[in-house]
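Below is one structure, written out as structure tokens, with a few remarks after it.
Here it is in structure tokens:
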């Protein structure tokens with residue numbers, strides 16, 4: 001079988017991190033450059049031709065609009081290059097789900113795009129980065145990966161961007177999916193998909209905008225002050241995501257404040273601070289003008305709301321319809 005031509009876009013993270021000792025817990029992410037990393041993985045005998053490009057070399061807690069824009073530009077150029085058959089993005093695990101989801105919303109599905117990271121630095125005992133990377137090569141080399149949107153490969157499993165979430169601070173099994181779990185199982189030598197591609201031949205769902213509207217997340221907790229939303233927002237705020245208790249619930253005084261915020265033109269989305277569970281529309285949402293996040297967690301609800309607002313979608317019913325399609 002001919003080798004696939006893959007572009008590797010490196011952003012840093014633990015997969016490129018170094019501790020200085022195989023036994024230390026603390027480490028510095030983003031210490032290995034992409035050329036050195038590809039030289040390291042070259043010894044694995046992977047069946048792919050890899051071309052690397054360094055986008056950043058930082059921990060993913062520092063990734064934001066500038067790097068998202070650069071990634072989108074580089075991947076769009078790769079899609080236009082007939083020689084490139086897929087893209088791998090090495091990324092820190094802390095915000096991988098947000099980057100993956102943003103790219104998923106704003107890229108076509110004609111070629112595989114795979115995010116991959118690691119939970120242990122490169123010089124740690126049991127470094128998982130090499131295996132995860134080899135698995136990502138296997139996925140990105142498979143034509144069946146196209147049409148599934150942006151994918152995240154971690155711990156021998158393949159997740160769709162809309163489902164994936166990091167659920168543990170440690171351990172190589174730190175990722176899972178909701179409402180769907182893995183959409184495939186992968187090893188460096190085998191790949192099994194669960195079902196056919198669900199977005200085959202689709203273009204981008206939304207146009208990409210380098211500048212996204214301001215949308216903060218309000219975390220609900222016992223005893224929260226009614227003016228918490230007012231202290232979190234400004235004149236520039238276009239939307240607000242509530243990380244509510246239970247099924248997106250909040251205290252009544254705060255709800256009343258959010259209704260006033262909504263009446264001023266700010267889109268309000270109810271999500272849950274819980275790890276799993278649907279947030280469905282409630283009868284009061286119609287009167288309040290709120291949007292229910294459905295299966296999206298607060299950080300993904302924020303990304304979708306930003307993309308919708310940037311594309312001129314600001315009617316609550318239209319926003320709700322977009323969340324219902326996730």
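Numbering (full-length UniProt numbering), first residue to last: 1 to 326.
The C-beta atom is built at its ideal place from N, Cα and C for all residues, glycine as well.
Can you check which of these residues, the options, is closest to residue i by C-alpha distance?
i	options	result
residue 114	123, 137, 55 and 323	137
residue 126	155, 265, 90 and 103	155
residue 311	206, 83, 123 and 13	206
residue 234	221, 246 and 215	215
residue 200	261, 193, 111 and 141	111
residue 32	54, 314 and 145	54
residue 89	178, 116 and 217	116
residue 253	324, 107 and 223	223
residue 243	291, 283, 62 and 287	291
residue 93	77, 134, 12 and 49	12
residue 104	84, 163 and 142	163
residue 202	70, 322 and 106	106
residue 49	246, 145, 6 and 176	6
residue 221	77, 79, 250 and 71	250
residue 263	27, 76 and 315	315
residue 170	120, 258, 176 and 149	120
For residue i, does the count of other Cβ atoms within 10 angstroms reach 16, so buried, or fall short, so exposed?
i	result
residue 157	buried
residue 68	buried
residue 81	exposed
residue 276	exposed
residue 306	buried
residue 56	buried
residue 320	buried
residue 86	buried
residue 128	buried
residue 2	exposed
residue 142	buried
residue 270	buried
residue 260	exposed
residue 283	exposed
Measure the beta-carbon distance from residue i to residue j and round it to whole angstroms, keeping in mind my assumption that it falls under 8 angstroms.
i	j	result
residue 183	residue 159	7 angstroms
residue 16	residue 29	7 angstroms
residue 309	residue 239	6 angstroms
residue 218	residue 229	6 angstroms
residue 132	residue 118	6 angstroms
residue 172	residue 147	Not confirmed; about 28 angstroms, so no contact.
residue 74	residue 9	6 angstroms
residue 278	residue 326	Not really, about 11 angstroms apart at Cβ, beyond 8 angstroms.
residue 293	residue 323	6 angstroms
residue 65	residue 210	7 angstroms
For the UniProt domain "Asparaginase/glutaminase C-terminal" (215-323), list the alpha helix (DSSP H) runs that are entirely contained and at least 4 residues long, ordered along the chain.
Correct list: 228-232, 252-263, 283-288 and 298-310.
Give the list of continuous beta strand (DSSP E) stretches no shorter than 3 residues that lie fully inside the stretch 61-108.
86-90
Three-pair Cβ contact test at 8 angstroms for the stretch 40-47 versus the stretch 98-105:
no
Contiguous alpha helix (DSSP H) assignments of at least 4 residues, all confined to the stretch 158-208
none
Does the stretch 187-198 come within contact of the stretch 287-304, defined as at least 3 CB pairs closer than 8 angstroms?
no
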